[in-house]
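Residue numbers (my numbering), protein chains in the order written: chain A, 1 to 279; chain B, 1 to 419.
What follows is a set of notes on a single structure, which appears directly below.
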């Protein structure tokens, strides 16, 4: 066996704001993937159709929303067939909501691990960011199928390669929200009651079931500051070729997502110091 | 060769008592008023701890419940931060604070090996390299594709220890894991721990099992009320521990553990048994007894004089809660026509204590034989039995081999053609 240089660990009262311990996070990357795998397998063990639920849920939601918002309420979809317009927005939105919900509960769900073993606690909420990506990838297959079905000529333009770029702010924003909420949920269990309502409200301030053009031109920026607006619009632009305006405001929205992640990491690190005593 | 591997310097840990939720609103008010309100009640779980562990040493940590043993281990493992002082550890740390941490009941044995291993800080590749040896050590080849929820608790422990034993840590922190699992496996675990220590690595071992600490540890630290009560060669420290007063939260300075703040057994039953303690032959309080010597329990009862035929008894239980033996005042001949008092001390002395070294507890009870149970305190006292040279030949018996210490003879003669 090779002699490796000794690592030295110092345990002392911590202070300071900007010690994010990213190197440690990197050292534990295998745990991140193992937990992602655990989240996924545990969710579908002893279920008959298993992972198919990941696809079925957004599809059913799409069908219901298409009837309610597309047919009955007749919401605008900027010239794109409503079901596909909706689905392209619903997928990143579902990714965001499921990830934030499960990340919020991640510290409490892992409380036995936290009180018995040391590992960077950020791994717990972050593992759900990856689990959500697997679900999203499966539903994307359905979306591509729909694209072929609706307008074959539109598929496989160059911008299609860019849709992962728009996934990035969704991951960043969901990660930031997950860190803030999971850290707060350790002390204040109220968060668990609050989060579903906040996410429900979020659906109204994100152009998922309607188009941004529903609002007068001079008010659209309010919507575009919401990082998820940029994500949803980016998806539609890259996948459906929809004309999109307001990139400036949406970039600012992505900046907000990054800010939420950074402050979330700082806040989480502070809570992490005593989490094992409190949980 | 021997260099300090763990250096602990004036380490302390403070816990805030009381409601946590109060904190933020209270703090806000304090800040608005520009001063700190009367500081909340705090508990010093650890205060001013200093010690150094050398490379290759097996270091024991003992002490009564609530003495801060687990807190110390959690700080060393990095699970929680100290409030003051510092600890420096040189080398890769493996901690085994509770076996099976992170096991998920729905995942298979194989999946859990990877989960458990990565939580403890291993890379997947390293686990893959060790996988066969882990499965082999646990002896569970046939169950690797079975969900862990279908495992017996013994099987879960075996799997968990197998993972930890193959971490190849330079410092191994262990908390009370040997209390579970069967004999053969416990031997295997002890062997693995000795091997870790033998390879120039260091073990810090927290336990209630005096026999295990005595046979494994070179030096031992005795914690009491969060402070270092003794530190030195294991035999001496165990000796100090036996003559120390039990749990500070329930025992007063005479060693009495009080029971008056409990719920009555039945709706209106009197709380006859008020307090109890263990004493030595001089009447001084102790927390342990010795195999083959006397176990003396002093019970304070109140109002027993109203039940002239009442009997006071004790039932000793193992760590697995099995009843081992019962002894009472009627067996000892009773008190005859002795004068009774409204509040009196009853002493029960069990002679030639037939218990192997280990941790035990006892229930106290008062009853009228064949009529009714008057009062009972389950788990009234916890105590250790410490090994003695019962057999004169230096053989050291432990409760792991069986609870009862028996004596006997053996003989030997040549075989003369047994069919």
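Yeah, the Cβ is synthetic: ideal placement off N, Cα and C, and Gly gets one too.
Cut-off 7 Å between Cβ atoms - residues of its own chain near residue i, not counting five sequence neighbours on either side
i: residue 217 (chain B); result: 58, 59, 60, 205 and 234
i: residue 253 (chain A); result: 224, 225, 226, 227, 229 and 230
i: residue 21 (chain B); result: Per-residue confidence for residue 21 (chain B) stands at a pLDDT of 49, beneath the threshold of 50, marking its modelled position as unreliable; no derived number is given.
i: residue 303 (chain B); result: 270, 272 and 342
i: residue 50 (chain A); result: 44
i: residue 93 (chain B); result: 77, 169, 171 and 173
i: residue 291 (chain A); result: Residue 291 (chain A) is absent from the model: chain A starts at 1 and stops at 279.
i: residue 232 (chain B); result: 219
i: residue 286 (chain B); result: 242, 243, 278, 279 and 280
i: residue 38 (chain B); result: With a pLDDT of 47 at residue 38 (chain B), under the threshold of 50, the modelled position of this residue cannot be trusted; read the value that follows with caution. No residues qualify anywhere along the chain.
Cβ separation of residue i and residue j, assumed to be a contact under 8 Å, to the nearest whole Å
i: residue 350 (chain B); j: residue 294 (chain B); result: 7 Å
i: residue 10 (chain B); j: residue 13 (chain A); result: Not really, about 12 Å apart at Cβ, beyond 8 Å.
i: residue 265 (chain A); j: residue 179 (chain A); result: 6 Å
i: residue 330 (chain B); j: residue 354 (chain B); result: Contact doesn't hold; Cβ gap of about 20 Å is too wide.
i: residue 278 (chain A); j: residue 189 (chain A); result: Actually they do not touch by this definition, with Cβ atoms about 12 Å apart.
i: residue 36 (chain A); j: residue 131 (chain A); result: 5 Å
i: residue 42 (chain A); j: residue 107 (chain B); result: 7 Å
Residue from the options whose Cα sits closest to the Cα of residue i
i: residue 97 (chain B); options: B:188, B:70 and B:242; result: B:70
i: residue 143 (chain B); options: B:109, B:404 and B:134; result: B:109
i: residue 103 (chain B); options: B:147, B:49, B:129 and B:417; result: B:147
i: residue 247 (chain A); options: A:147, A:35, A:108 and A:212; result: A:212
i: residue 172 (chain A); options: A:109, A:259 and A:9; result: A:259
i: residue 291 (chain B); options: B:56, B:385, B:154 and B:88; result: B:385
i: residue 221 (chain A); options: A:199, A:244, A:237 and A:235; result: A:244
i: residue 99 (chain A); options: A:30, A:39, A:276 and A:15; result: A:39
i: residue 380 (chain B); options: B:363, B:74 and B:137; result: B:363
i: residue 282 (chain B); options: B:237, B:347 and B:258; result: B:347
i: residue 34 (chain A); options: B:87, B:358, B:125 and B:4; result: B:125
i: residue 219 (chain A); options: A:249, A:237, A:192 and A:236; result: A:249
i: residue 383 (chain B); options: B:201, B:187 and B:208; result: B:208
i: residue 80 (chain A); options: A:237, A:272 and A:275; result: A:237
i: residue 260 (chain B); options: B:299, B:402 and B:238; result: B:299
i: residue 188 (chain B); options: B:157, B:321 and B:419; result: B:157
i: residue 120 (chain B); options: B:399, B:72, B:164 and B:391; result: B:164
i: residue 336 (chain B); options: B:111, B:310 and B:80; result: B:310
i: residue 296 (chain A); options: A:256, A:66 and A:115; result: Limits of chain A in this structure are 1 at one end and 279 at the other, which puts residue 296 (chain A) out of reach.
i: residue 361 (chain B); options: B:319, B:16 and B:159; result: B:319
Proximal residues to residue i (C-beta, below 6 Å), its chain only, five neighbours per side dropped
i: residue 256 (chain B); result: 275 and 277
i: residue 104 (chain A); result: 181, 182, 185 and 195
i: residue 145 (chain A); result: none
i: residue 63 (chain B); result: 69, 222, 223 and 224
i: residue 365 (chain B); result: 313 and 376
i: residue 230 (chain B); result: 222, 237 and 240
i: residue 54 (chain A); result: 135 and 138
Cutoff 8 Å; reference residue i; Cβ partners in own chain excluding five residues on either side
i: residue 207 (chain A); result: 89, 214, 223, 229, 232 and 233
i: residue 326 (chain B); result: 313, 314, 315 and 316
i: residue 50 (chain B); result: 8, 9, 10, 11 and 228
i: residue 48 (chain B); result: 10, 11, 12, 85, 227 and 228
i: residue 340 (chain B); result: 304, 305 and 308
i: residue 213 (chain B); result: 60, 62, 205, 207, 220, 234 and 238
i: residue 87 (chain B); result: 6, 7, 8, 9, 11, 75 and 76
Span of the beta strand (DSSP E) around residue i
i: residue 74 (chain B); result: Unbroken run through residue 74 (chain B) is the alpha helix (DSSP H), 69 to 77; no beta strand (DSSP E).
i: residue 310 (chain B); result: From DSSP, residue 310 (chain B) is part of no beta strand (DSSP E); its letter is neither H nor E.
i: residue 150 (chain A); result: Premise fails: residue 150 (chain A) lies in the alpha helix (DSSP H), 123 to 150, not in any beta strand (DSSP E).
i: residue 95 (chain B); result: 93 to 96
i: residue 261 (chain A); result: Taken as a continuous stretch (DSSP letters only), residue 261 (chain A) belongs to no beta strand (DSSP E), being part of the alpha helix (DSSP H) at 247 to 272.
i: residue 233 (chain A); result: Unbroken run through residue 233 (chain A) is the alpha helix (DSSP H), 227 to 235; no beta strand (DSSP E).
i: residue 293 (chain B); result: Residue 293 (chain B) -> no beta strand (DSSP E), and no H or E assigned at all.
i: residue 344 (chain B); result: 343 to 350
i: residue 46 (chain B); result: 42 to 54
i: residue 11 (chain B); result: 4 to 16
Limits of the alpha helix (DSSP H) - the one that residue i falls within
i: residue 113 (chain B); result: 109 to 119
i: residue 84 (chain B); result: Here residue 84 (chain B) belongs to no alpha helix (DSSP H); instead the beta strand (DSSP E) covers 84 to 90.
i: residue 116 (chain A); result: 111 to 116
i: residue 150 (chain B); result: Note, residue 150 (chain B): premise wrong, no alpha helix (DSSP H); not H, not E.
Using Cβ-Cβ distances below 8 Å, what residues of the segment 96 to 122 of chain B are close to chain A?
-> 97, 98, 101, 102, 104, 106, 107, 111, 114, 115, 118, 119, 120, 121 and 122
At a Cβ cut of 9 Å, what residues of the segment 95 to 120 of chain A count as close to chain B, listed as they run along the chain?
-> 110, 112, 113, 114, 115, 116, 117, 118 and 119
For the segment 61 to 86 of chain B, enumerate the residues whose C-beta is nearer than 8 Å to any C-beta of chain A, in chain order.
-> 74, 75, 76, 77, 78, 79, 80, 81, 82, 83, 84, 85 and 86
Contact set between the segment 42 to 71 of chain A and chain B, restricted to residues whose Cβ is under 7 Å from the partner | 42 and 45
Contacting positions in the segment 124 to 140 of chain B - beta carbon closer than 7 Å to chain A = 124
According to a CB-to-CB cut-off of less than 8 Å, which residues of the segment 7 to 21 of chain A neighbour chain B?
-> 7, 8, 9, 10, 11, 12, 13 and 14
Scan the segment 234 to 264 of chain A for residues whose Cβ lies nearer than 7 Å to a Cβ of chain B and list them as they occur along the chain.
-> none
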